[in-house]
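Sequence positions in the sequence shown follow our numbering and run 9 to 271. Just so you know, even glycine gets a beta-carbon here, dropped at the ideal spot from N, CA and C. In what follows, a single structure is set out as structure tokens and then discussed.
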Amino acid sequence: MNDNFSPETVSPKTLYNVLFVCTSSNGFAYNKGLTGLWLEELAIPYYIFQEVGYNITISTINGGNPPVDQACYHPFNMNEHVDKFLNDIIVMESFNSAVSLRSIINSNKISNYGCIFLCGGHGAVSDFPNNQDIKDAVEYVYNINEGCVAAICHGPLGLLNCLNRDGTPLLMKKFVAGFSNEEETLLGLEKVVPLLVEDSLDNTGAICVPSPPWHPNAVVDGRLVTGQNQQSSLEVAQRVLDVLRSLGGKYSTPGNVNKPWGK
């Protein structure tokens, strides 16, 4: 963990803020288009958190709007949340002027967040693994703020080198989910991507629990929430709200009430 962070820097105020972290990389070309962020993995959680009163910040590794995987715009992959996101003028202003993750850390605004959420998409394969900015931000939220860390699809690649406060790997012996080897193979990319999410998670000592391809799969282990694929976006967001509610009023907004999900 970054020794420059100390508990004394954390404000006693409520932490009703969620920080989304998106790739700045279009990664590599496939399916006749460039990859990047998978938009659904931002759009669905964004509105789930907003609905119950959380303040939301969209950040990218380098600052500026995240590149979006062009496959997101295919009618098959569109849904009401993505459509709403793309037509939301206020949201798109934040999206197109996303702040850099490092600027949030350097300004100590990271102390305001009760949750950090790493979005996926194949672009994350390029700039999430071993990224120092992600490491610093995740370790601050998890170890100092004692908040929730969430990651979905290829997003868990940003957690590979993160540490607990005692210096042990954050993912060691944690139950997790991420984009599966089988899903990567079905896309024909198992030999194209520089590393596989499932294998990478296993190599950290995490316990990866994949579901069948394209099925929702969200895994909670303490204050860590991970999801397998874009189909898990809703469930991951719901589990994050459960975790934040379990942490008490400092982390859970008045609107984050217990309810039977799916109704």
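With 16 other CB atoms within 10 Å as the buried threshold, where does residue i fall?
i: PRO220; result: exposed
i: PHE84; result: exposed
i: GLU88; result: exposed
i: TYR81; result: exposed
i: LEU194; result: exposed
i: SER241; result: buried
i: GLN236; result: buried
i: ILE118; result: buried
i: ASN114; result: exposed
i: ASN264; result: buried
i: ASN95; result: exposed
i: GLU147; result: buried
i: ILE98; result: exposed
Taking residue i and residue j to be in contact with their CB atoms under 8 Å, please state how far apart those CB atoms are, rounded to whole angstroms.
i: SER32; j: ASP144; result: With 8 Å as the limit, SER32 and ASP144 do not qualify as a contact, their Cβ atoms being about 16 Å apart.
i: ASN6; j: LEU171; result: What is shown of the chain runs 9 to 271, which leaves residue 6 out entirely.
i: PRO177; j: GLY131; result: 24 Å between Cβ atoms; not a contact.
Please state if the CB of residue j and the CB of residue i are separated by a distance shorter than 8 Å.
i: THR68; j: ASN25; result: no
i: VAL248; j: ALA159; result: no
i: ARG173; j: ASN151; result: yes
i: SER108; j: GLY71; result: yes
i: VAL29; j: ILE142; result: yes
Report all residues from its chain with a CB closer than 6 Å to the CB of residue i; omit the five preceding and five following residues, and keep chain order.
i: GLY216; result: Residue identity differs from the one stated: residue 216 is Cys in this sequence, not Gly. Only VAL184, GLU206, LEU209 and ASP210 meet the Cβ criterion.
i: ASN201; result: In the sequence as presented, Asn is not what sits at residue 201; that position holds Val. Around VAL201: VAL133.
i: ASP77; result: THR43, GLY44, TRP46 and GLY129
i: VAL90; result: LEU47, GLU48 and ALA51
i: ASN120; result: ASN25
i: PHE13; result: Bear in mind that the predicted position of PHE13 carries a pLDDT of just 42, short of 50, making it too unreliable to give a figure here.
Thinking C-alpha only, which one of the options is nearest residue i?
i: VAL149; options: VAL201, GLU49, ARG247 and CYS123; result: CYS123
i: MET180; options: GLY72, GLY71, GLY213 and TYR54; result: GLY213
i: VAL227; options: GLY196, SER111, GLY186 and ASN266; result: GLY186
i: ASP250; options: GLY163, SER241 and VAL233; result: VAL233
i: ARG253; options: GLY155, GLN236 and GLY163; result: GLY155
i: LYS182; options: PRO164, SER119 and GLU192; result: PRO164
i: CYS127; options: VAL265, TYR259, LEU27 and VAL99; result: LEU27
i: PRO53; options: ASN95, PHE125 and ASN120; result: PHE125
Apart from the five residues just before and just after residue i, which ones in its own chain have a Cβ nearer than 8 Å to its Cβ?
i: GLY257; result: THR22
i: LYS92; result: ALA51 and TYR55
i: ASN73; result: PHE103, ASN104, SER105 and ALA106
i: ASP229; result: LYS182, PHE183 and VAL184
i: ASN34; result: LEU42, THR43, GLY44, PRO75 and GLY131
i: MET100; result: PHE93 and LEU94
i: ARG231; result: TYR150, GLU154, GLY155, CYS156, VAL157, VAL251 and LEU255
What residues in its chain sit with their C-beta under 7 Å from that of residue i, if we drop five residues either side in the sequence?
i: THR261; result: TYR24, VAL60, GLY61 and TYR62
i: GLN238; result: TRP46, GLU48, GLU49 and CYS161
i: ASN138; result: LEU168 and ASN169
i: HIS223; result: GLN239
i: PRO15; result: Residue placement at PRO15 is flagged as unreliable, the pLDDT there being 39, under the threshold of 50; the coordinate-derived value follows with that caveat. These residues qualify, in order along the chain: ILE152.
i: ASN266; result: ARG253
i: GLU192; result: GLU198, VAL201 and LEU204
i: TYR259; result: LEU23, GLY122, GLY155 and LEU252
i: ARG110; result: ASP141
i: SER58; result: In the sequence as displayed, the identity of residue 58 is Gln instead of Ser. Correct list, in chain order: ILE64.
Return yes when at least one heavy atom of the ligand ADP lies under 7 Å from the C-beta of residue i, else no.
i: GLU198; result: Although the ligand ADP was asked about, the structure shown includes no ligands whatsoever.
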